[in-house]
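Colleague: Those protein sequences? They're chains A and B, same order as listed.
Each residue of the first sequence is one higher than the last, beginning at 0 in numbering that gives the first Met the number 0.
Each residue of the second sequence is one higher than the last, beginning at 0 in numbering that gives the first Met the number 0.
For every residue, glycine included, the Cβ atom is placed at its ideal position computed from N, Cα and C.
Dumping the structure here so I can ask a few things about it.
Number of protein chains: 2
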Amino acid sequence: MLPAPVEHAPDRLARALAPQITARLEAMILDGTLPPGERLHEQALADRLGTSRGPLREALRALEREGLVVSGGAHRGMAVRRLEAQEEAELYDARALLQGFTCALLAERITDAGLAALDARVAEMDAAIEAGTADAYYRQNLDFHEAMLDLAGHARTAGLYRSLVKESLLTRRRTLASTANMRDSNAEHRAMVDAIRARDADTARRLGEAHVKGGKRRWLGGL
Amino acid sequence: MLPAPVEHAPDRLARALAPQITARLEAMILDGTLPPGERLHEQALADRLGTSRGPLREALRALEREGLVVSGGAHRGMAVRRLEAQEEAELYDARALLQGFTCALLAERITDAGLAALDARVAEMDAAIEAGTADAYYRQNLDFHEAMLDLAGHARTAGLYRSLVKESLLTRRRTLASTANMRDSNAEHRAMVDAIRARDADTARRLGEAHVKGGKRRWLGGL
DNA sequence: TGTCGGCATGTTGTCAACAATGTGTTGACC
DNA sequence: GGTCAACACATTGTTGACAACATGCCGACA
Numbered sequence: 000m001l002p003a004p005v006e007h008a009p010d011r012l013a014r015a016l017a018p019q020i021t022a023r024l025e026a027m028i029l030d031g032t033l034p035p036g037e038r039l040h041e042q043a044l045a046d047r048l049g050t051s052r053g054p055l056r057e058a059l060r061a062l063e064r065e066g067l068v069v070s071g072g073a074h075r076g077m078a079v080r081r082l083e084a085q086e087e088a089e090l091y092d093a094r095a096l097l098q099g100f101t102c103a104l105l106a107e108r109i110t111d112a113g114l115a116a117l118d119a120r121v122a123e124m125d126a127a128i129e130a131g132t133a134d135a136y137y138r139q140n141l142d143f144h145e146a147m148l149d150l151a152g153h154a155r156t157a158g159l160y161r162s163l164v165k166e167s168l169l170t171r172r173r174t175l176a177s178t179a180n181m182r183d184s185n186a187e188h189r190a191m192v193d194a195i196r197a198r199d200a201d202t203a204r205r206l207g208e209a210h211v212k213g214g215k216r217r218w219l220g221g222l
Numbered sequence: 000m001l002p003a004p005v006e007h008a009p010d011r012l013a014r015a016l017a018p019q020i021t022a023r024l025e026a027m028i029l030d031g032t033l034p035p036g037e038r039l040h041e042q043a044l045a046d047r048l049g050t051s052r053g054p055l056r057e058a059l060r061a062l063e064r065e066g067l068v069v070s071g072g073a074h075r076g077m078a079v080r081r082l083e084a085q086e087e088a089e090l091y092d093a094r095a096l097l098q099g100f101t102c103a104l105l106a107e108r109i110t111d112a113g114l115a116a117l118d119a120r121v122a123e124m125d126a127a128i129e130a131g132t133a134d135a136y137y138r139q140n141l142d143f144h145e146a147m148l149d150l151a152g153h154a155r156t157a158g159l160y161r162s163l164v165k166e167s168l169l170t171r172r173r174t175l176a177s178t179a180n181m182r183d184s185n186a187e188h189r190a191m192v193d194a195i196r197a198r199d200a201d202t203a204r205r206l207g208e209a210h211v212k213g214g215k216r217r218w219l220g221g222l
């Protein structure tokens, strides 16, 4: 019955601006609206996003710490990060390490329900491959790895892994787009899950690392 | 001969304020001036550090992303992070992983000069143990690990390792302070270096992980 | 006496103006 | 014709004031 506190303005959420701006900028970078190398002009971006320079600066600094944006130093402006080949290779190395760790952890901790969930996702990806829907496979692949992180229940390494993945998305390569690559990749998924099911932590770890290194190999193959 | 551009004010470096504030706050947190749980009042801190709220906010957000400060959400302020036991344990896990990787890399890449440098540091720490200078050992230990990161030449994982170490320093425990612990720790150092010298990547990796896990064990032993 | 609603205060979030610096251009001098 | 220096502009860095929100207190009511 109370007439809804005040609702003076039609702000639909009344949250802080900076996090919203950060999310929007991040999306614009990852979907290519702001391509690597693009100069990020504070006033222009603030106008474009309908805010002022304050929150926008905070957002840019946040993205800088995420590795999506680089600053050339004081008074020299920021730009969308352009990933060097060396950096991308190192990113694969770090992800491989964390994937191996996650798999080893899963081999020790996972429940039967968790295993069933992973199996279901692998089957899902098989279906996507047969259907030739590379886009669906791409998303399901991200979901599969996300599920592993959740099930492993190790917040610290999961956070590191997620930040590395986000960074790697700077170059939106779809190296998995070929059917052959997708088949290879999902076969590795299945092998990882099987090792986890067998509670073989060492093998699971080795396969987890090998899977990401397989991605690196597929990336190098596509140059 | 040029009369030094202008030098209108005695600012000795003319750099941006936010990074300086970040460094100072970080130091204050790590040396205990701002203990875990301490509330961080923007205006009060700004006055204390002789700046305004703008740069100080940026610094706080930077420290938040480093994991040294936590925010309770909009309008609820920030505080120095208090590390839960679970979080500290996970930190050890992640560091162990990266230490193992670094050692494996060193086994493949290190030069004779690099090996000599590591040997010298291990000997240095032996001396510190005999001299009973725990403080010196503490610093030399950090330097030793820093040297390994430099020699391994893997920027991405080195960055991750450094950030994890910084985070772990939130609880300034000196678990190595006992002579027995220091001896154990340095024996592990020597074993790691020996495996690297033997170019045995697998063993080096295993020992690297074991070393940090040894630290975890020593931490658990000290409760 | 316990609980709930309204209010006052203090703190963070946002904004717009001011200051300082880096960059590109233009002109003179060699 | 090329190079260097001074200048003007554009952009970032900083500041103080204003607005919005969360917390705690106080009083009224059940």
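(1) Going along the chain, which residues of the stretch 151 to 180 of chain A sit with their C-beta nearer than 7 Å to a C-beta in chain B?
(2) Run through DSSP, which three-state label would LEU44/B get?
(3) If we require 4 or more residues per run, which alpha helix (DSSP H) segments fall completely within the stretch 68 to 117 of chain B?
(4) For LEU39/A, which of helix, strand or coil comes out of DSSP?
(5) Pick helix, strand or coil for HIS7/A, following the three-state DSSP scheme.
(6) Of the residues GLY207/A, ARG172/A, GLU86/A, ALA15/A, which one's Cα is nearest the Cα of ALA186/A?
(7) Just to confirm, are ALA176/A and ALA127/A a CB contact at a threshold of 7 Å?
(8) Would you give the residue range spanned by the alpha helix (DSSP H) that SER167/B belongs to?
(9) Should the stretch 61 to 77 of chain B be called in touch with the stretch 137 to 151 of chain A, which here means at least 3 C-beta pairs below 8 Å?
(10) Looking only at its chain, what residues have a beta carbon closer than 6 Å to the beta carbon of ARG172/A, apart from the 5 residues adjacent to it on each side?
(11) Compute the Euclidean distance between the alpha carbons of PHE100/A and GLU129/B, then round it to the nearest angstrom.
(12) Does the stretch 194 to 209 of chain A touch the stretch 154 to 165 of chain A, meaning 3 or more C-beta pairs lie closer than 8 Å?
(13) In the structure shown, what three-state DSSP assignment does SER184/A receive?
(14) Would GLU89/A pass as an interface residue toward chain B - the criterion being a Cβ-Cβ separation below 7 Å?
(15) Taking just the CA atoms, how far does GLY152/A sit from GLN85/B?
(16) I'd like to know whether the C-beta atoms of VAL79/B and ILE20/B end up nearer to each other than 7 Å.
(17) Chain B partners of LEU39/A, CB-CB under 9 Å?
(18) Got a sec: is the Cβ-Cβ distance from PRO4/A to anything in chain B below 7 Å?
(19) Helix or strand or just coil, what does DSSP make of GLY214/A?
(20) Can you tell me whether ALA154/A is buried or exposed, with buried defined as 16 or more other CB within 10 angstroms of its CB?
(21) Scan the stretch 196 to 221 of chain A for residues whose Cβ lies nearer than 7 Å to a Cβ of chain B and list them as they occur along the chain.
(22) What did DSSP end up calling ARG198/B once you bin it into helix, strand or coil?
(23) Flag ALA93/B as yes if its beta-carbon sits less than 7 Å from any beta-carbon of chain A, otherwise no.
(24) Taking 6 Å as the line, does the beta carbon of ASP118/B fall inside it for any heavy atom of the ligand HEM?
(25) Apply the 10 Å Cβ neighbour rule to GLU107/B and answer buried if 16 or more other Cβ atoms are within range, or exposed otherwise.
(26) Return helix, strand or coil for ALA58/B, following the three-state DSSP convention.
(27) Among residues of its own chain, excluding the 5 on either side of LEU104/A, which ones have a beta-carbon nearer than 7 Å to its beta-carbon?
(28) Cβ of LEU97/B within 7 Å of Cβ of THR170/B?
(29) Kindly indicate which residue of ARG205/A, PRO54/A, GLY220/A, ASP149/A has the alpha-carbon position closest to the one of GLN42/A.
(30) On the CB-based measure, 16 or more other CB atoms within 10 Å of its CB, does HIS210/B come out buried or exposed?
(31) Going straight from the alpha carbon of ARG216/B to that of ARG14/A, what length do you get?
(32) Any idea if GLY214/A is buried or exposed, counting beta-carbon neighbours within 10 angstroms, 16 or more meaning buried?
(33) Which same chain residues, not among the five before or five after LEU33/A, have their C-beta less than 6 Å away from its C-beta?
(34) Taking Cβ to Cβ, would you say LEU90/A is nearer than 7 Å to SER167/A?
(35) Out of ALA135/A, ASP125/A, ALA115/A, point me to the one whose CA is closest to MET147/A's CA.
(36) Flag this pair as yes or no: are the beta carbons of ALA17/A and GLU57/A separated by less than 7 Å?
Modeller: Reading off the structure:
(1) Those residues of the stretch 151 to 180 of chain A that come within reach of chain B (Cβ to Cβ, closer than 7 Å) are HIS153, ALA154, ARG155, THR156, LEU159.
(2) Helix.
(3) Segments of the alpha helix (DSSP H) lying fully in the stretch 68 to 117 of chain B: 84 to 108.
(4) In the structure shown, the three-state DSSP call for LEU39/A is strand.
(5) Confidence is the limiting factor: at HIS7/A the pLDDT is only 34, short of 50, which leaves the residue's position unreliable, though a coordinate-based value still follows. DSSP, read as helix, strand or coil, puts HIS7/A in coil.
(6) Nearest neighbour of ALA186/A by Cα position, chosen from GLY207/A, ARG172/A, GLU86/A, ALA15/A, turns out to be GLY207/A.
(7) Their beta carbons are not under 7 Å apart, which means ALA176/A does not touch ALA127/A by this criterion.
(8) DSSP places SER167/B in the uninterrupted alpha helix (DSSP H) bounded by 154 to 167.
(9) Remark: fewer than three beta-carbon pairs, one from each stretch, lie closer than 8 Å, so the stretch 61 to 77 of chain B and the stretch 137 to 151 of chain A are not flagged as touching.
(10) In its chain, beyond the 5 residues on either side, no residue has a beta carbon closer than 6 Å to the beta carbon of ARG172/A.
(11) Rounded to whole angstroms, the gap between the alpha carbons of PHE100/A and GLU129/B is 37 Å.
(12) Touching, no.
(13) Helix, per DSSP.
(14) For GLU89/A, a Cβ of chain B is located within less than 7 Å of the residue's own Cβ.
(15) Each residue's Cα considered, the two are about 11 Å apart.
(16) No. Outside cutoff.
(17) Those within 9 Å of LEU39/A in chain B number zero; the least Cβ separation is about 16 Å.
(18) The predicted position of PRO4/A is uncertain, since its pLDDT is 36 and thus under 50; no value can be drawn from it.
(19) Three-state DSSP puts GLY214/A in a helix.
(20) Exposed, because fewer than 16 other Cβ atoms sit within 10 Å of the Cβ of ALA154/A.
(21) Residues passing the 7 Å Cβ filter: none.
(22) Note: ARG198/B maps to coil in three-state DSSP.
(23) Against chain A, the CB of ALA93/B has a partner CB under 7 Å away; the residue lies at that interface.
(24) Summarising the ligand content, the structure contains no ligands, and the ligand HEM is consequently not present.
(25) Counting of Cβ neighbours within 10 angstroms places GLU107/B among the exposed residues, the total staying below 16.
(26) Under the three-state reduction of DSSP, ALA58/B is assigned to helix.
(27) If we look at LEU104/A and ignore the five residues flanking it on each side, its Cβ neighbours are ALA151, HIS153.
(28) Between LEU97/B and THR170/B, the CB-CB gap reaches or exceeds 7 Å.
(29) If you compare the alpha carbons of ARG205/A, PRO54/A, GLY220/A, ASP149/A with that of GLN42/A, the shortest gap goes to PRO54/A.
(30) HIS210/B is buried by the Cβ-count criterion.
(31) For ARG216/B and ARG14/A, the gap between their C-alpha atoms comes out near 43 Å.
(32) Taking all protein chains shown into account, GLY214/A has 16 or more neighbouring C-beta atoms within 10 Å of its C-beta and is therefore buried.
(33) For LEU33/A, same chain residues with a beta-carbon under 6 Å away, outside a window of 5 residues either side, are MET27, VAL79 in chain order.
(34) Result yes, Cβ atoms of LEU90/A and SER167/A sit closer than 7 Å.
(35) With distances taken between Cα atoms, MET147/A lies closest to ALA115/A.
(36) Yes, Cβ-Cβ distance for ALA17/A and GLU57/A is below 7 Å.
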